[in-house]
Every structure is written in structure tokens, then in C-alpha cells.
Amino acid sequence: MSKYHNFMQRPLSRREMLTICKGGFGSLAFMSLFGATTFSCSRSKTALDSSSNLLLGPHHLPKAKNVIFLYMDGGVSQVDSFDPKPRLAKENGQDPRKKFKVDATQFDNVGKILKSPWDFKQYGDCGMPVSDLFPHIATCVDDIALIRSMTSQFPEHTNANYFLHTGSGLQGRPSMGSWMTYGLGSENKNIPGYVVLDGGLIPPGGLDNFKNGFLPASYQASILRAGPQPVANIIPKENVPNLQERKLDFIKQLDDKQLEALGEADAIESAISNYELAYKMQSSIPELTEFKEETEATKKLYGFDSDDPHTRGYAAQCLLARRLVERGVRFIELTCPKVSADRWDQHGDLKDGHEKNAHAVDQPIAGLIKDLKSRGMLEETLVVWTGEFGRTPFAQGTDGRDHNPSAFSMWMAGAGIKGGTIFGRTDEYGYRVIENEVTVHDLHATIMHLMGIDHEHLTFRFGGRDMRLTDVHGHVIKDVLA
Amino acid sequence: MNLFDVLLNSGVAERPSDFLIFLGRIHPLVVHLPIGFLLLATLVELVVRKPKFRPLKNYTHYLWGLGSISAFVAVLFGYFLSLSGDYNENTLFWHKWLGIAVFLFSLVCYFVYKKQWKLPFYGRPILISLVVFTIFYTGHLGGNLTHGSTYLLEYAPNVVRNLAGMPDKAVPREKVTVLDSADVYLDLISPIMDRRCVSCHNDDKKKGDLDLTSYANLALGGENGEVVVPGDPNTSDLYRRITLPETHDDFMPTEGKPPLSDDEVAIISWWIQKNVPAEGYFTEMGPDEKMRDLVEKYLGLDKNNLLSQQVEVPNKAVVDSLLSYGFILNQLMMDNHFLEANFSLSEQELNDQALKTLFGLKDQIIWLNLSNSGIKNTHLEQVGQLENLIKLNLGSNTISDDGLAHLSQLQNLESINLYKTGVSDGLVWLIPKLPNLKRLYLSESKVDSATVAQLRKEYPDLKIVFEEKP
Numbered sequence: 000m001s002k003y004h005n006f007m008q009r010p011l012s013r014r015e016m017l018t019i020c021k022g023g024f025g026s027l028a029f030m031s032l033f034g035a036t037t038f039s040c041s042r043s044k045t046a047l048d049s050s051s052n053l054l055l056g057p058h059h060l061p062k063a064k065n066v067i068f069l070y071m072d073g074g075v076s077q078v079d080s081f082d083p084k085p086r087l088a089k090e091n092g093q094d095p096r097k098k099f100k101v102d103a104t105q106f107d108n109v110g111k112i113l114k115s116p117w118d119f120k121q122y123g124d125c126g127m128p129v130s131d132l133f134p135h136i137a138t139c140v141d142d143i144a145l146i147r148s149m150t151s152q153f154p155e156h157t158n159a160n161y162f163l164h165t166g167s168g169l170q171g172r173p174s175m176g177s178w179m180t181y182g183l184g185s186e187n188k189n190i191p192g193y194v195v196l197d198g199g200l201i202p203p204g205g206l207d208n209f210k211n212g213f214l215p216a217s218y219q220a221s222i223l224r225a226g227p228q229p230v231a232n233i234i235p236k237e238n239v240p241n242l243q244e245r246k247l248d249f250i251k252q253l254d255d256k257q258l259e260a261l262g263e264a265d266a267i268e269s270a271i272s273n274y275e276l277a278y279k280m281q282s283s284i285p286e287l288t289e290f291k292e293e294t295e296a297t298k299k300l301y302g303f304d305s306d307d308p309h310t311r312g313y314a315a316q317c318l319l320a321r322r323l324v325e326r327g328v329r330f331i332e333l334t335c336p337k338v339s340a341d342r343w344d345q346h347g348d349l350k351d352g353h354e355k356n357a358h359a360v361d362q363p364i365a366g367l368i369k370d371l372k373s374r375g376m377l378e379e380t381l382v383v384w385t386g387e388f389g390r391t392p393f394a395q396g397t398d399g400r401d402h403n404p405s406a407f408s409m410w411m412a413g414a415g416i417k418g419g420t421i422f423g424r425t426d427e428y429g430y431r432v433i434e435n436e437v438t439v440h441d442l443h444a445t446i447m448h449l450m451g452i453d454h455e456h457l458t459f460r461f462g463g464r465d466m467r468l469t470d471v472h473g474h475v476i477k478d479v480l481a
Numbered sequence: 000m001n002l003f004d005v006l007l008n009s010g011v012a013e014r015p016s017d018f019l020i021f022l023g024r025i026h027p028l029v030v031h032l033p034i035g036f037l038l039l040a041t042l043v044e045l046v047v048r049k050p051k052f053r054p055l056k057n058y059t060h061y062l063w064g065l066g067s068i069s070a071f072v073a074v075l076f077g078y079f080l081s082l083s084g085d086y087n088e089n090t091l092f093w094h095k096w097l098g099i100a101v102f103l104f105s106l107v108c109y110f111v112y113k114k115q116w117k118l119p120f121y122g123r124p125i126l127i128s129l130v131v132f133t134i135f136y137t138g139h140l141g142g143n144l145t146h147g148s149t150y151l152l153e154y155a156p157n158v159v160r161n162l163a164g165m166p167d168k169a170v171p172r173e174k175v176t177v178l179d180s181a182d183v184y185l186d187l188i189s190p191i192m193d194r195r196c197v198s199c200h201n202d203d204k205k206k207g208d209l210d211l212t213s214y215a216n217l218a219l220g221g222e223n224g225e226v227v228v229p230g231d232p233n234t235s236d237l238y239r240r241i242t243l244p245e246t247h248d249d250f251m252p253t254e255g256k257p258p259l260s261d262d263e264v265a266i267i268s269w270w271i272q273k274n275v276p277a278e279g280y281f282t283e284m285g286p287d288e289k290m291r292d293l294v295e296k297y298l299g300l301d302k303n304n305l306l307s308q309q310v311e312v313p314n315k316a317v318v319d320s321l322l323s324y325g326f327i328l329n330q331l332m333m334d335n336h337f338l339e340a341n342f343s344l345s346e347q348e349l350n351d352q353a354l355k356t357l358f359g360l361k362d363q364i365i366w367l368n369l370s371n372s373g374i375k376n377t378h379l380e381q382v383g384q385l386e387n388l389i390k391l392n393l394g395s396n397t398i399s400d401d402g403l404a405h406l407s408q409l410q411n412l413e414s415i416n417l418y419k420t421g422v423s424d425g426l427v428w429l430i431p432k433l434p435n436l437k438r439l440y441l442s443e444s445k446v447d448s449a450t451v452a453q454l455r456k457e458y459p460d461l462k463i464v465f466e467e468k469p
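Protein chains in written order, with numbering that gives the first Met the number 0: chain A, 0 to 481; chain B, 0 to 469.
Listed below in C-alpha cells is the structure:
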């Protein structure tokens, strides 16, 4: 039997002993002394909570039940998309340092002022100007609230990505999707509540952008890949019926035993629930990713008939996002498709790179908004479109743009959003915010507010402090709310 | 020589210098010193009989002395404060003279203890009681001067209030629930005055000789005459003062109290324009559309007032049985028990019994999602009885106009989703019956575009989402 010693009980380690004792009489006395609850989430219990099938629910009546987060990896140029600056055309080719103070940029290869290669036109009843990069999204502007005054604290992808996703520029904090599923739970027991649809590009910073951090491990994102097999081993490999179930039962027995020996252990508890969920996903995911019941008209709306394979790929991701919302998934993030140019990060050859990226996402995103709207789902679904920062109004080299965290544009559409609004202003070059600055914390606070969560009250005790997604910052941007 | 005579003869009382008023404003601070000293002296007198505290006996006269000196300073500063005026005269008279009495009594105490005078017949206890009583009563009058005579007992139990000769607490005016029942003075003007003005303009603290606690008193005006000129806001002093720049000397409310909101200013202006009516329904005075919207918002009537009601904790048996039928129930807020019921994710068949069970939560359920649930027209009879529904999703079901007929009682309904259903002209009949309907989803239903165009024309505020098939 000695070769099975891994599965047998071994003596307690010093660390385990201390861990177990910490939960013993001493801490009981301590807890009662200070009237603390043993769980950080001290939300009031009502008669309803006693039934485990019920979700804890939001703080106030929500506008949105689900979020689709369209992440524009690399940083879309604001002055080429949603923030027209005629002065760039007028002063094209002049030295920016003679016009305004130029901050150090990542590559510090500051060129001349660079006018946008694209024209802007006004669209919709609201007359919002949109560049020729996004002819399809432009048809949805009456449902969109545009924020032109976003700022980030980081001029570099990795930190800016962590900041946008977790509210902190350093690796390791829980992602906003984790916070939301932690706060609100998920309605669907067969699919995870927080799903990332991998379009081909995992953002710099990697999967830590989508991690649970100090929240329980079951709140991390599940990644669905594009293509025929979105999740590895989603089709059971056992050909004997019941074999898989029996295997899983056995693993659970072993896990339970181990858990008994160790006491409370999030890693094992989460592993058990992950096995259970994975088993359920084997039936739910194939049904989800087959688009059999979707009509040709719907597919065409998203751009399934496009000549561009990246448009077709992103269209499938957008349609999948809608189907996930229909199945009650709380938070869905779409990453960008891997076009032949780089991500939206055009340090050179802006025209070619931005055009390719825009072409891949424009029609699918517009299709998504229109489809959601037509089905009445936009009433409860919040669509968020943003990059991690903006780009400089002057060139990097001759035809690129460098990173600019001092100003960028983002938009939201759907549940609780006042369509056709433009909020915030940048200077005449689109370089810096001059009115109504919106920080990433403000954006998080606003998304949470729409989901019915008071960002100051969704906390998790970690490291001796009640942690929040917005840390000690964040104000709800009331002006973009309906 | 009397100090007051000196001050009076010097003309100080008529034109107090800024410095005196400054000292006067310190009165509320120094007034607490004699209170502390004298009560401490009393306490020492009580305990000094115990052997443990006997050594204190030699020092009590210091306490009386300190009390007496600080009482003198308090009286002096109090007099300066009274020069700045605007206090209820009767209360002020008694407060002043009782304050002087506290000073005199404590001075007597000082000499009694310093010189070890013997007093006949419980002289000392009587004297001390007198000091304590005058301190408390003077302090009470001072509180009345500052906060108004009703301040102390405003929230006292009615028994206590009756003992003090006050009437039972006024039952607060019931919150307006319909705009048509809003009274112009009682529901609009009076609450604004109460919130913003009466803390300084009341019977006891009549700043500028103006009392805004009732319509009659408001009509009396203040020291500069009437404050509202019927029909003319711009010459009305009240309106002028609330619309001045905040830094202006005449701006009201003064002393850093929060200014009136734009809505409140607009309401007062409108009220003066309408010749300052003392009563009458707001809507009968011909407010224009903008004013109606503003007041509706001000009174919080633009929100669904269903949500302001507190509903009961849902019955656990009903909850459990709904869960077993395949419903998902979501709590929608923390401080109330409103629920969303969602059947769209269920793998089970929806049956009659499940829908009947929903009726057990008819107060709580405000959102109901039955999309893609295989419901039939007859099922809608049960749905139509859930009268608190605000959102109803019936999309992707084979229901038709016959089913819609059951929904006419849903008076709170704001959003109805009929995407991919068989409904058509029945909507023309249903929509006028749903007064709160704001959003209607009709894409891929059997409605034709002519009907939609007609509905859009008749109900311009209703948002209809209808994508025609290409």
C-alpha cells in the first residue's frame, strides 16, 4: 500500500495545526467578544436566504442583470474614433512641443502632430460624430452614451490592463467580473457566471486580468475559445456509459476525505465544485456553441457572411455572448480577434492596423446591439466598449501613435444608459481631459451601480481590510444614466 | 453703580459695537462654565458628609466662588448677545433675570461657605436647591431661545407633552401619492419653509421680525414690511433674498445653512406669481407642463410609488414550491422583499399549478420572465392577476391577442416584451389600459407596421421596439 501514501492520512504539519487551532476556542471567544461574524460578507440574512437556491441579490433595484464587456485590447485612438479634433488637421505636421507640453511617452519617439486619416460624420437623432472606422456602430449611437474624458493611471499595457480589469495596476486583485458574480451570484447552475470569450488575443498581463484574486476560486473567469471545441474535453471521452460519473464520484470521495483532514480549504472546495460544474458544462456548452436555431437573418446581422475571417470570428463571439446572456451568465468579456496587424496598439502604420481591427469588430458589435435591442434584451444588458488607454494626437515616428493615459474615449449602451449622450471633454488636440474626468474607478462604480450594487458596500475582508473593487475611490457617473 | 445703567447711558444698547456682539456670541460657550462649577459644588456638598470626602469641606467655597465669577461673565456676555436682538421678549426677560439670580444666589453661597455663616432652618440646603433650580430653569429658557420653545418636547411621548400642557404630536401630513391631490401651500410651500426657513423665523426666534411657521404669520411680513408681493416675485423680498448670489449679505438662508434648491426656488416663484394662494389644489391653478413635471419630480411622484411600499417577507412554503417547479427567484433589493421570478432558464415544463402558485407572491413579484417557457394564452389569466408586475417578458411564446385580454389589470406595468409572439391588433385594445407602460417590444410578432405606426402616433412617450423583417 505504501505507493498510495499520497492518498492516506499523514500527520498534521505545523502550519495546518495552527490553521485549525485558529478556528478553535480561542477565536470563538475572540469573535463573540467583538461581535464579528465569521464571514466577511456580513449581509443581512432574510427568510429568503435560508434556501440555498436563492441568490443574495443586489443592494438596490438593478437596471442591468448582465454585462457584455467588449475589450479593445491595445488602446483605440480616441482622435480617430469618437473624439474628432479639427485642429489636428489644421496643424498637421507641426511640432507638438511648440504647441503644448508633451509628456514622456513609452517609446519617446515623438513625431509631428498627426491628423486623423479618417473623416467624421454625425449620426443618429443625437448627431454624435463617429469616424469612418466604425460605420456600423455609428448606426447605434442613439443607444450609446459616449464618455470622452476617460483617464488611466498607467501608460503601459500590462499595468493598465490590470487597472481596468481589477481596479489596481498590480497583479493579483479580483477582476470586476469576479466581484460581480461574487456579489450577485449566477442564475445558471450549468454555466459559470463569469465567462471570457477568447477571440484570439489574451491581453498583456495574461489570465491574471480575469482571476478571482482573494475571492473564492469559483469566481474566476472561465475561458471559452473560439472554434469547434471552446473548452478542452467538452465532449466526454469515456465510451462506456456511467464510467465518467463513477470516476467523478470516486474523485469526490477522495476530495471529501482530504477536506475532512484539512478543515476549510478553498482550493479543494473550489475543485469539487469545479468538477461538478465541468460535468454539467459537458451538456450545456455544446448546445450553447451550436448556432442551429439562429436564423440566417440574425447571422447576417452579426456579419457571418463577411469576407473577412476575423469579422466572422468576432461575429460568432458576439452571437455567443448574446446566447450566454439568454442563459443568465452574469459577466461576459470578449477579447479581440488576432488580425494580421497588431492589436489596437498601432505604434506604426496606424491606418492599416486600426482599419483591420475596426473592420473585424465593427459590424459584429453593431449586430449585437441591434439584436439585443430587437429582442428586448438590451433593457437588462449593459454593453461596455473600452480600451485600456488612448493614443497620442502626435505621431510616433511618422505614421503611428504612442500610448496616452491622459485621455481616451469609451462607450456604454443598454440597461439604464441614457442613449445619445456625450460626457466629458478633451482639449483641442484630444491629448488631455479638460472637463468631467472619469477614472477607471468611476467606471467600475457606475457599472456596479447599474447592476444594483453599491460599490462602497460590496467588500471582502482580506489582509485585515475590507477590500473593494474601487478601493477608496469611485463615483457613479450620474450624467450617463437614464 | 449698576453696570446696566452704565451701558444704557453710553448708548451701547442702541448701537452695540461689533466687538460686543462678538463677545455675545461666546455666551453659549461660557454659559456652561457656571453650570459645571455650581453643579460640582452641589455634588460636593452632598458627598462631603462621608468620611472619605471630608477633606473636600475646606475647598467648597472655591467652587462657589468660581461658579459665581463665571456666572457673572455668562450674564454679561448674555446681555451683549441680547443686544443683537430678535429674541422672544418675554422669554428673554425671564432668562436674563433668572441668570442674574443664579449669579446672586451663587455669590451668597460663596460668602456663606467662606465665612462659615450659620443659617437658620435648613438654610443651606434651601439655598443650594434654589441655585440648582434656577440653573436648570434658566438653561431651559436659554434652549427655548435658541431652538424654539417646541424643540425640547417635539419628539417626546404624548404623555410627557400633555403634562407640559402641549397638544399631542401633530400627525404628519400624509405623503402625496397623486399630483391632483397636492395642496399648493400644505404640500409644497409649507414643507419648503419648514425645511429651509423656520429654524430662524419662528415664534421664539424671530429673525428680522419674520415668522414663517404659518400662512397667516407669513402674510404679516417682517420688519421691512411684507415679504411676498402677490403676483410679482421680483419685488418680493423673500424671493429676492433666496435668489441673490450666495455671498451677498442679504442672502437667505444665512449662516452657512444650505440654500434652496433650484426646484424649490422655482416653486416659490410660481406660487408668488399665482398671487400666493393659501390653499387649493396645485393642478387646478393652471400650472404649465414644465411646472407640472417639476413638481411631480419634486414630490417624488415620477417614480413608481409601488416601490416605496414595504412588502412582507415572502412565504417560505410558496418560495420552496416555486423553486421546485423550476422558477428562479431573485431578490431585487436589500431593504425590501420585491422579487424577480424567472422561468426562462428552466428545464422543466411550465404547468398551471406553477403559475397558480405565483399568486402566493403577488405582492412581491415585480419582474416576471416567462420568455421561451412554452406558455399558452390560458396561462396568462394567472399572470394577469400579479398586479404588482413592473416588467413582464413573454417573448418567444405562442401567445396571441386572446391572451393579451387577460393583462388589462396590470396597472404598474412599465415594460412588456412580446418579441416573437403571435400578438397583433389586440395591442390597440390593451395599451390604453396600461397607464404606466413605457416600453414595448414587438419585433418578429404578428403586428403589422401600420398598427405600430398608429400606436407610435397615439403614444409618443411609449418606446416601441419593432424591427421589420427584411
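Idealized CB from N, CA, C, for every residue including glycine.
Anything in chain A within Cβ reach of residue i, meaning under 8 Å, just list it in chain order.
i      : result
I34/B  : Going along chain A, no residue has its Cβ under 8 Å from I34/B, so there is no contact; the nearest lies around 37 Å.
N411/B : Under the 8 Å cutoff, chain A gives no residues; its nearest Cβ is about 13 Å from N411/B.
N392/B : G375
S320/B : Within chain A, no residue comes near S320/B; the closest Cβ sits about 11 Å away, beyond 8 Å.
Y418/B : S373, R374 and G375
Measure how close the beta-carbons of residue i and residue j come, nearest whole angstrom, since I'm counting them as under 8 Å.
i      : j      : result
Y136/B : W63/B  : Not really, about 19 Å apart at Cβ, beyond 8 Å.
P392/A : T150/A : Wrong, their Cβ atoms sit about 15 Å apart, outside the cutoff.
T450/B : V464/B : About 14 Å separates the two Cβ atoms, so there is no contact after all.
E90/A  : I67/A  : Not a contact, Cβ separation roughly 38 Å.
L87/A  : K114/A : 4 Å
Y86/B  : L144/B : 5 Å
L369/B : S343/B : 7 Å
W343/A : G110/A : Between G110/A and W343/A the Cβ distance is about 19 Å, and since that is not below 8 Å, they are no contact.
V317/B : G359/B : 4 Å
M251/B : I241/B : 5 Å
A365/A : I136/A : 5 Å
H440/A : H472/A : 4 Å
At a CB-CB cut-off below 7 Å, which residues of chain A make contact with residue i?
i      : result
E466/B : S373
I327/B : E186
Quick check on residue i: does DSSP put it in helix, strand or coil?
i      : result
R195/B : helix
Y193/A : strand
S80/A  : coil
R383/A : The residue you asked about is not Arg; residue 383/A is Val in the sequence shown. Strand, per DSSP.
V437/A : strand
L436/B : coil
E339/B : strand
V66/A  : strand
W366/B : strand
Y109/B : helix
N329/B : strand
Q352/B : helix
A35/A  : The pLDDT assigned to A35/A is 33, lower than 50, so where the model puts this residue is not dependable, and the model offers no usable value.
If the cut is a Cβ gap below 8 Å, which residues of chain B does residue i touch?
i      : result
L60/A  : L306, L331, M332 and F337
G192/A : Near G192/A there are no residues of chain B at all, since even the closest Cβ is about 13 Å away, more than 8 Å.
Who are the neighbours of residue i on chain B, taking C-beta pairs under 7 Å?
i      : result
E378/A : S414 and R438
R96/A  : Within 7 Å Cβ-Cβ: nothing; R96/A doesn't reach chain B, min ~42 Å.
R494/A : Residue 494/A lies beyond the residue range present for chain A, which begins at 0 and ends at 481; the question has no answer from this structure.
* To do: Note down, in chain order, all residues in the segment 340 to 351 of chain B with a beta-carbon under 7 Å from any beta-carbon belonging to chain A.
  => N341 and L344
* To do: Note down, one range per segment and in chain order, each alpha helix (DSSP H) of at least 4 residues found wholly within the segment 400 to 458 of chain A.
  => 439 to 449
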